[in-house]
Structures are given as C-alpha cells and as structure tokens.
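There are 2 protein chains.
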Amino acid sequence: MKNIVDIEALCKIQYGMYVVSASADNLHNGQIVTTVMQVTNQPNQVMVCLSKETLTHELVEKSKSFGVSLLEQSTPFKFIGRFGFRSGKTFTKFSDDIDYVIGTNGNPLLRTHALINIEVSVNKTLDVGTHTIFVGEVKYANTVKEGIALTYEYYHTVLKGKSPENAPTFQIKEQKCS
Amino acid sequence: MKNIVDIEALCKIQYGMYVVSASADNLHNGQIVTTVMQVTNQPNQVMVCLSKETLTHELVEKSKSFGVSLLEQSTPFKFIGRFGFRSGKTFTKFSDDIDYVIGTNGNPLLRTHALINIEVSVNKTLDVGTHTIFVGEVKYANTVKEGIALTYEYYHTVLKGKSPENAPTFQIKEQKCS
Chain Y
187 MKNIVDIEAL
197 CKIQYGMYVV
207 SASADNLHNG
217 QIVTTVMQVT
227 NQPNQVMVCL
237 SKETLTHELV
247 EKSKSFGVSL
257 LEQSTPFKFI
267 GRFGFRSGKT
277 FTKFSDDIDY
287 VIGTNGNPLL
297 RTHALINIEV
307 SVNKTLDVGT
317 HTIFVGEVKY
327 ANTVKEGIAL
337 TYEYYHTVLK
347 GKSPENAPTF
357 QIKEQKCS
Chain P
187 MKNIVDIEAL
197 CKIQYGMYVV
207 SASADNLHNG
217 QIVTTVMQVT
227 NQPNQVMVCL
237 SKETLTHELV
247 EKSKSFGVSL
257 LEQSTPFKFI
267 GRFGFRSGKT
277 FTKFSDDIDY
287 VIGTNGNPLL
297 RTHALINIEV
307 SVNKTLDVGT
317 HTIFVGEVKY
327 ANTVKEGIAL
337 TYEYYHTVLK
347 GKSPENAPTF
357 QIKEQKCS
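Going down the list, the sequences are from chains Y and P.
Under the numbering used here, the residues of the first sequence are numbered 187 to 364, in order.
Under the numbering used here, the residues of the second sequence are numbered 187 to 364, in order.
What follows is the structure, given as structure tokens:
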C-alpha cells in the first residue's frame with residue numbers, strides 16, 4: 187500500500203453542524219462547528235474542538251462553559267454565514283433579530299433553526315496545535331423541536347457549502363473537498 | 187429555564203459509524219465506534235474516543251497508532267455485531283473470513299463494507315474518565331469505494347440498533363435513546 191493521504195477520504199468523515207456559543211465579560215458569541223460529540227455517558231460528557239483564533243475559543247477559556255445548538259437541515263445559508271464566516275470580534279452575532287435564550291449556565295442558545303440545546307461545564311482541555319479540545323459535563327440538554335439535522339455531508343455535497351479556513355475540515359487549494 | 191438533562195437531546199448528536207482498529211504483540215483487533223473526527227487540518231489530525239475496558243484501547247496505547255474504516259449504510263447487522271458487541275479479548279475479530287489489509291502503519295483496515303480507510307499516528311491523549319481521547323496525525327487516507335455512509339442516526343432510528351454499555355452514546359435503563 188502506498189502511503190498516501192487523500193483529502194477526499196477525510197472529507198467522508200461524518201459530522202453534524204452546530205452553533206457552539208459562549209459568554210464572558212458581558213459578551214455573547216457563537217460559531218459554526220462540526221466538532222461536537224459525546225465522549226462518555228457516566229457522567230454525560232460532551233466535547234467541542236475550536237480554533238484558537240476565534241472569539242468563541244477565548245470566551246470558552248474564560249467562562250469554562252459552552253452551549254451547543256444542533257442546526258436543522260433547512261437552516262438558511264445566510265444564517266450559516268452569519269455564524270460561520272464572520273468573526274464575533276467585529277460583529278455582534280447574537281443581536282436582537284436572532285431568537286435565542288440565555289441558558290442557566292450563561293450561554294446563548296438558539297431557538298430558531300435549532301433542534302437541540304446543550305450546555306456543558308468544561309473540566310478538561312487538550313491543546314492539539316491550531317485548535318483546543320474542550321471536554322466537560324453536560325449540565326443542560328433539551329429538545330427545541332423535532333426535525334432533520336443539518337449534517338456536514340448534506341451541507342458540503344447537497345448545498346455545496348464551503349468551510350472557513352480555521353475549520354478542521356478546511357483543505358487548502360487543490361486539496362479542497364470536492 | 188429548568189436545569190434538565192434530557193437524554194433524547196443528546197441522542198440527536200450526529201456521528202458516523204466506524205471500525206477503529208489497532209495491532210500490537212502480533213494481535214489485531216477492532217471495534218465499532220461513533221467517536222471519530224478530524225480536529226485540525228494543518229496538519230491533518232484525527233481523533234478517536236475509546237472505552238478503557240476494550241482491547242482496542244489497550245492495543246492503541248501500546249502501538250500509538252490506530253486505523254479507521256468508515257462503514258457503508260448497507261453493512262449487515264451481523265457484521266456490526268461482530269465488531270461492536272463481542273470483545274476481542276475472547277474472540278478473533280480479524281479472522282480469515284474477513285476481507286482486510288494491513289496498512290503501512292500496521293493497522294488492520296477493512297476492505298468489505300468500508301468506504302474509507304485512515305491510519306493515524308497518535309501523539310496526544312486525554313483521559314476523560316471511563317474513556318481516553320487519542321489524537322494524532324493522519325499518515326494514510328484513502329477511499330475504498332464510493333457509497334452512502336452508515337450514520338449513528340440511521341443505525342439507531344432506522345435499523346433500531348442499540349449501543350453496547352461502554353459506548354459514549356449508551357444510556358442506562360429508562361434513559362435509553364428511544
């Protein structure tokens with residue numbers, strides 16, 4: 187076997203698409219991620235992997251907590267763009283025209299285009315280079331509405347959506363997911 | 187907002203289904219997991235979260251490497267059962283009746299019912315209690331065949347498949363995913 191790394195193969199790894207949010211210093215922010223998963227069930231622990239460049243990363247580091255909203259398949263591109271391709275450093279993502287609530291742990295949780303809301307209290311981190319993995323106990327989990335989840339595969343192959351440069355699934359130049 | 191943790195909400199987190207494999211001391215083993223994701227793209231790093239009780243965990247700890255085979259949607263229940271509900275401690279999973287190859291990094295990689303094969307060289311670990319997160323650089327990634335991936339949602343809602351007790355998605359008694 188040749189020792190190749192075919193990016194197209196990595197693109198087949200399956201993910202949901204989420205807005206991960208956090209709050210600190212009276213500032214709310216959130217960003218689109220694919221990198222949410224449950225890692226243990228005793229206790230229920232969930233992780234997220236975030237780019238160190240993002241404001242959400244900064245807020246999670248400060249607050250030791252994050253919120254998760256799983257997006258529905260019909261989430262408009264414009265909504266994804268708002269949370270996925272603009273930085274909270276120069277733009278207020280959770281403004282009055284967005285339907286959200288503040289969870290009991292302080293994180294903004296989407297009420298529109300979200301199927302579930304989760305809040306996690308971070309107790310462990312792992313530095314993996316450009317990104318940090320944050321792991322913690324689930325403090326809140328609830329269904330917002332029933333529906334079909336937006337998956338990375340659907341976004342990428344059906345909607346032909348792209349990944350921002352600081353996403354783990356982003357690939358440079360000719361290595362891009364087709 | 188009430189501070190509830192509704193397991194049904196956690197069940198909506200999206201995953202693919204994979205056989206993660208490893209090899210050490212002339213022993214090959216593998217197990218079904220949902221917990222594979224890419225965590226960075228510079229370099230390409232992939233992680234897996236494994237129960238400490240499993241033989242695969244033991245082999246990954248020894249070899250500092252693991253293989254990933256993403257399962258196709260049509261993977262038979264019997265095949266999933268072989269890798270998901272039996273322990274390699276008492277049963278040879280990679281026997282002659284299974285079509286697999288040994289990758290350049292030494293891990294058994296499935297050729298049947300697999301869409302992609304990946305090999306990862308582990309460089310970081312995080313102890314998260316009952317499980318360990320293993321992170322490492324992708325040394326090999328290739329497409330075995332085109333097709334539709336088996337997702338946890340499809341397995342759980344369409345095939346009515348269960349999770350073994352040491353899976354992060356397993357929930358006790360009345361907390362079970364419906």
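Each residue gets a CB set at the ideal place from its N, CA and C atoms; glycine is no exception.
Note that this is a predicted model, so its numbers are computed, not measured.
- When the alpha-carbon of Thr318(Y) is set against those of Lys325(Y), Val324(Y), Lys310(Y), the nearest one is in Lys310(Y).
- Residues of the same chain with a CB within less than 6 Å of the CB of Ala327(P), apart from the 5 flanking positions on each side, are Ile304 in chain order.
- The beta carbon of Glu258(P) sits no closer than 8 Å to any beta carbon of chain Y.
- A contact is defined here as three or more CB-CB pairs under 8 Å, and the region 235 to 246 of chain P fails this definition with respect to the region 281 to 290 of chain P.
- Just measuring C-alpha positions, the residue of Val205(Y), Asp313(Y), Val321(Y) sitting nearest Ser307(Y) is Val321(Y).
- Close to Gln224(P), with beta-carbon spacing below 7 Å, are these residues of chain Y in chain order: Leu196, Ile199, Pro354, Thr355.
- Apart from sequence neighbours up to five positions away, the residues of its chain that approach Arg297(P) with a beta-carbon distance below 7 Å are Asp285, Tyr286, Val287, Val330, ordered along the chain.
- Interface criterion met: the Cβ of Lys310(Y) is under 8 Å from a Cβ in chain P.
- Taking a contact as a CB-CB distance under 8 Å, the pair Ile334(P) and Gln217(P) does not count as one, their CB atoms being some 22 Å apart.
- The C-alpha of Val222(P) lies about 33 Å from the C-alpha of Thr276(Y).
- By the neighbour-count criterion, in which 16 or more other beta carbons inside 10 Å mark a residue as buried, Pro229(Y) falls on the exposed side.
- About 5 Å separates the beta carbons of Asn227(P) and Phe356(Y), which is inside the 8 Å limit, making them a contact pair.
- For the region 284 to 318 of chain Y, the beta-carbon criterion of a distance under 7 Å to any beta-carbon of chain P is satisfied by Val287, Gly289, Thr290, Leu301, Ile302, Ile304, Lys310, Leu312, Val314, Gly315, Thr316, His317.
- Scanning the region 229 to 283 of chain P for uninterrupted alpha helix (DSSP H) segments of 4 residues or longer gives 241 to 249, 263 to 270, listed from N- to C-terminal end.
- Any Cβ of chain P closer than 8 Å to the Cβ of Thr221(Y) would place that residue at the interface, and such an atom is present.
- Non-local beta-carbon contacts of Thr240(P) in its own chain, meaning distances under 6 Å to residues more than five positions away in sequence, involve Gln217 in chain order.
- Taking a beta-carbon distance threshold of 8 Å, Tyr326(Y) counts as an interface residue toward chain P.
- In this structure, Phe252(P) keeps its C-beta atom at 8 Å or more from the C-beta atom of Val225(P).
- Look at Ile334(Y) here: in three-state DSSP terms it is coil, with no helix or strand label.
- By the Cβ neighbour-count rule, Pro354(Y) is buried, with 16 or more other Cβ atoms within 10 Å of its own.
- The distance from the Cβ of Tyr204(Y) to that of Leu236(Y) is about 11 Å, inconsistent with a contact at the 8 Å cut-off.
- Of the other Cβ atoms in all chains shown, fewer than 16 fall within 10 Å of the Cβ of Lys264(P); this residue is therefore exposed.
- Just measuring C-alpha positions, the residue of Ala300(Y), Asp313(Y), Ser209(Y), Gln200(Y) sitting nearest Ala195(P) is Ala300(Y).
- Nearest to His214(P) by alpha-carbon distance, out of Gly292(P), Lys238(P), Cys197(P), Arg268(P), is Gly292(P).
- Under the DSSP assignment, Ala195(P) falls in the alpha helix (DSSP H) whose first and last residues are 193 to 196.
- Listed as beta-bridge partners of Asp313(P) by DSSP are Thr318(P).
- Among the bridge pairs identified by DSSP, Pro294(P) is matched with Ile288(P).
- By the beta-carbon neighbour count (other beta carbons within 10 angstroms, threshold 16), Pro262(P) is exposed.
- Closer than 8 Å to the CB of Gln231(P) there is at least one CB belonging to chain Y.
- The shortest C-alpha to C-alpha distance from Asn352(Y) to any of Gln200(Y), Ile190(Y), Thr220(Y), Asp211(Y) is the one to Thr220(Y).
- At a cut-off of 8 Å between C-beta atoms, Ile190(P) counts as an interface residue with respect to chain Y.
- Counting of Cβ neighbours within 10 angstroms places Leu345(Y) among the exposed residues, the total staying below 16.
- Going by beta carbons, Gly347(Y) and Ile199(P) fall outside the 8 Å limit.
- Nearest neighbour of Lys238(Y) by Cα position, chosen from Ser273(Y), Asp282(Y), Ile190(Y), turns out to be Ser273(Y).
- In this structure, the CA atom of Val191(Y) is about 35 Å from the CA atom of Glu323(Y).
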